[in-house]
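Residue numbers (our numbering), protein chains in the order written: chain A, 8 to 397; chain B, 8 to 397; chain C, 8 to 397; chain D, 8 to 397.
Heads up: the structure comes next, in structure tokens.
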């Protein structure tokens, strides 16, 4: 074997999530309870020199806030979600040191929740937190509240600032609410304009039917589940580890770590279980202008053997209906046992539209981590090249 | 607030997978290529004093081997998968030091594969490995071969030896092959006898239909996908981290890290997306004889807020059809582009039955890791108790 | 072998430091530049139910502030170092969720430093930061400033709140400044009263000589190095991992991660190199009232084979002299090369007294992490017990 | 500020050691007891395409074996230490997949040690292992035996194969045995020829005096300590993390993780404590032909602010005398208490010469890890470049 050899660094897409820290190389640690002083986070591993525009971050924060156009039944809690950066950014660019940020909690009405300290709501984490920690901050769900996802969106915005410099784009949209689904695959929609659409659903007819479903639920004091579709574009071929730490495993963990997530699939997902190899195999389409070897249909979802193919990565996340209803439910009281009660507080009818920017953020954080590892590979030529095989 | 306080250690279900190491506290590192000298692994973090019976390990290995009853179309490769332990076990018990094991590769026919070094099979990891590493061992799929899963089963057997001492049981079975599904939920089946059933499918009628489907596929040179159901019993309430590192996130990563996995769901999974809160909420059923607070239907799948509830954890994994067909497919040759060819080698018609012990192994490894962290919590009474709140 | 077997969990003192996160189970992530908006940190993995008294934390913070009694030549920068807790504490006790804290930077005079952006001071990190990150925040040393150690002391205070509940105590004191050393071994001093002594040196005669040395240095515009002695009491026998992750390795990394640290030793340290086994071996003294097997002299420093022995752990850290002098030094200007200049800013003559609470903090963080892992072991009796050997 | 900005990835020298795994990106997991079936390890994260010559590995193994020229009193145990590679190498080059290797234990005389199961030798890890694990393999020290270091040398050889491609060299030598020290600083010696010198000591007169000291010890049944000097050349400027995860912290942990290590220092180390800033500061010497900004004396030891400077990294490790003497010592018997006894087995008089290749191996593993992280930084120009500051 006489051909020249190139020393190739192993992409070290190595690791993931530890307690309240997400990611290994691009690391995000969050903190905060729903009704504590503040929520926030620290992003460590942010490359140096990345432009960060606070107005851009604030724009992404706004997408997660309640009261967006068409979000029937949105929670009445009003937080500015104003992100204050404390470190790691100097003259508009990152220093490479940790970027810390804080959002003060202002509209926290603790009285609504105080009575809940000894009661367990059905399908909430009240009893499991008590089992794990021995007690909990019952105000507004404490650390289990979806308020924590505001910190995810802020960190995701930082990740997107980095991805922007690498030409990688992350998208998400509302694909399903209750029984209503978008009729077309993701490629049919203009993903760059999702946030202009009602309910962040790019299919106008589906969006209208979803709105009707939300209104019906609100009227009945009920809630409903749904699905978010995510798409990652521009990730270079070769990201991800092939065995336990597959790109698909990383993405699945990121998505299943979002509140209320119940399922994850990539490419054809569960439909693939009913398919034959002759249908599911991706026929080669040839090499495109950018040098990417393309398939006819990319049914694999942009990942082969746990490693990115250079084609779009597409995936889907299922969310259960919000557990807090606008009607009496059976609470379990620690001393008194079962009793029916209407739970106070302010809640949405469906988490899906507000989950769209959260899915986007978690995908951005995941991909930023993978991309850092990918870049640890040596360039095709240069100092690390190994001379021809002896 | 005058009640007594108990110091409670945070369960440190902290971390996951790094490249070829799975888990953090109960850590499994594997190695080996399909046609290299051997495959094997090292389990670090194994508690000391656990009895390990090599015959038990070998029994579990046998479940993953080809040629099981009813496995139509099974690959013809014959490996004894004899596990040789090199360290960490002394007088039949673990020492607490790393347990290393090796399985020699004996039935490796490299000539079948040598011609593939410059060709990329459709829906395989050939091209992505080349992109990531610059070259690959093309013999039998190298590291990407399902042969690697033999090491997972051996490590899973060690995890099960540990779980045995804690009363935790892990089960898996074939729930779907192609369009054929088991008709009943998991609770209808005797999970302890799954491996006595054809195709590891506990529903005899479904198993018969699956056999027919496999025969049809084999006759047509085709393959087919399917789903594995997993169930974890006896895990104490309070395992798992509530935010990014949820039990569901850990389990999802474990399952999506298995070759050919395309989707993961827990509890009602994707069906939950179409449900209303009034249907999906788990009504409280009361406290059972073991002191576990139970729900009527456990639709949440044994996890609330990322933390185990003490009820059964039930989940499902979707597998795509095997990509290697018994008929000509279009290969992409690095120099010559597309060309049709029949790929040699020995392959199954459906990976699902052989994936059953692999799902079980990965679930056991995940739960062993969680359980170690859970045990870092202080006992309810004792030295660490904090006196009554001041 | 017929004796009863006990299942013993492997203490998982597993892991350490990643970039700006210290520790694995008891994890501290810090952020902040010297002249940025704020410094602070997040402690994750803090056990739930630990009482945290903000006044106690503030008391520890005061020990690191400049202007302590007898600290000749202390820097003139005045920061209140007021710790504001943002999360993780509720009604005076920890929740088990991340504890975040912030200290605002108020007395930051950037003008003093602005001219330094293109100059490299000798024996500072100016050029290496530029090499690593491409640019830096030159104001007051940015992230490399000793100001960052304020966050360590705050996190260390939280660790000590936890250690308090376990009966573990951490001490440190000034043992050497320049050529002046304490005459007696640590056991001769009342470690609980170190912070009442001038320069945190418990030997009054040595302290007086150190003061004289500091005055002489201040008068000459010079600086001087020194050593801090650290002692850990009450750590149970059995903490630490025996091979790569020894207790001594963990402690060494913690100490060598402090600004200006140049050396670490445990027990007899470098003196052991010149000793014979017949001198250095620790003769057994017998079992004491608490059941600890004691040695005559504990020359091993409380660690055998990387694992704690239950006796005092004693170690020493060497610090180099502060590199900023009160006299002209040769700066390297990126464009112009070498030029002599007096560097502005406010600096100490010796870092050692202010390093004492930092050494204590890092030791507390290290031991808190080890103790969490230690507690993951099963109790001597109970559910996990394995029946007698077969 | 109008100058062009370059996006700079943060070098992610992130992480260290977990139980029996050393390093994060270049990860080495070892296994094996002294008298078990085999010892060995798995290196994960090895870059693909690195040439590995088994004869080179075997050559390095030979340096650690007993019976080297001049090693008076070397242990009589004779192991071939033949390294068998099981995976990760194909046609003489690494695949990027895990490289596993095994060395069988052949010359294991268990009978010598069997009587020790209930006795604790002084200054050994017998009692701490028992405390941690509940029992131990007492044969030959089990996992605590220095035999484990053979696996370190094999893994270090793999690391050196990688470093070779990057122009980084790692050296070590015997600097001190007992009271005898080399008279000159490291720069005076030809480091490439250390292994040709008796006792691996490059100063002939010191070596002769050391030999005499070893003979005297052997005659008296005593042992003696010593120091190893380590030097790393060619590591690029900018490796290491500046806060908790400093290059010095990583190196300290690596060295303190070696059996019998008692102290670590870098550059002037403990001597720096007695120096003034005006002496210790490194005056700039100017930029050399390779573009490295050099200092007059490099007293900092090649690290400023935790980050490599591009100059030589020089450090020292202190080892205590071997605890097993050739004369009766007091053993602690679990049932019977203290009793004097001569301990059998085969042992060296001084560990230092055999520790030289181990120090070298651990330095190589540390630096390989840092170098992988360093390479994750973007090249100075190219796709990731950020356009000029807005």
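Just so it is clear, CB atoms sit at the ideal spot from N, CA and C, and this is done for glycine as well.
As the structure is a computational prediction, the values presented were derived from the model and not from experiment.
Closest Cα partner of residue i within the set the options
i, options, result
"residue 103(C)", "59(A), 149(A), 73(A) and 111(A)", "149(A)"
"residue 61(C)", "281(C), 101(C) and 32(C)", "101(C)"
"residue 107(C)", "369(A), 304(A) and 39(A)", "39(A)"
"residue 240(C)", "199(C), 271(C) and 207(C)", "199(C)"
"residue 71(A)", "144(A), 142(A), 271(A) and 366(A)", "366(A)"
"residue 325(A)", "378(A), 348(A) and 183(A)", "183(A)"
"residue 126(D)", "35(C), 48(C), 291(C) and 303(C)", "291(C)"
"residue 319(B)", "344(B), 179(B), 251(B) and 270(B)", "179(B)"
"residue 135(C)", "221(D), 65(D), 299(D) and 220(D)", "299(D)"
"residue 278(A)", "154(B), 215(B), 187(B) and 308(B)", "187(B)"
Counted within 10 angstroms of its Cβ, other Cβ atoms place residue i as buried (16 or more) or exposed
i, result
"residue 341(D)", "exposed"
"residue 335(A)", "exposed"
"residue 355(B)", "buried"
"residue 67(A)", "buried"
"residue 98(B)", "exposed"
"residue 190(A)", "exposed"
"residue 113(A)", "exposed"
"residue 170(C)", "buried"
"residue 253(C)", "buried"
"residue 381(B)", "buried"
"residue 349(B)", "exposed"
"residue 192(D)", "exposed"
"residue 243(D)", "buried"
"residue 394(B)", "In this prediction, residue 394(B) has a pLDDT of 32, which is less than 50 and means its spatial position is unreliable; what the coordinates show is noted afterwards. Exposed: under 16 other Cβ atoms inside 10 Å."
DSSP three-state assignment for residue i, whether helix, strand or coil
i, result
"residue 380(A)", "helix"
"residue 101(D)", "strand"
"residue 287(B)", "helix"
"residue 357(C)", "coil"
"residue 198(C)", "helix"
"residue 236(A)", "strand"
"residue 110(D)", "strand"
"residue 180(B)", "strand"
"residue 367(C)", "helix"
"residue 190(C)", "coil"
"residue 134(A)", "helix"
"residue 64(B)", "helix"
Contact list for residue i against chain A, beta-carbon separation under 8 Å
i, result
"residue 136(B)", "249, 312 and 314"
Chain D residues whose Cβ lies nearer than 7 Å to that of residue i
i, result
"residue 144(B)", "97 and 102"
Residue i: contacting residues in chain A (beta-carbon distance under 9 Å)
i, result
"residue 29(C)", "Going along chain A, no residue has its Cβ under 9 Å from residue 29(C), so there is no contact; the nearest lies around 12 Å."
> Is it true that the region 250–264 of chain B meets the region 252–266 of chain A, where meeting means three or more beta-carbon pairs spaced less than 8 Å apart?
Replying inline: yes
>> For the structure I just gave you, are there three or more beta carbon pairs, one from the region 304–323 of chain C and one from the region 240–256 of chain C, closer than 8 Å?
In response: yes
>> Tell me whether the region 152–161 of chain B and the region 266–283 of chain A touch, counting them as touching only if at least three CB pairs, one residue from each stretch, are closer than 8 Å.
In response: no
> Between the region 270–287 of chain B and the region 230–239 of chain A, do three or more beta carbon pairs fall short of 8 Å?
Replying inline: yes
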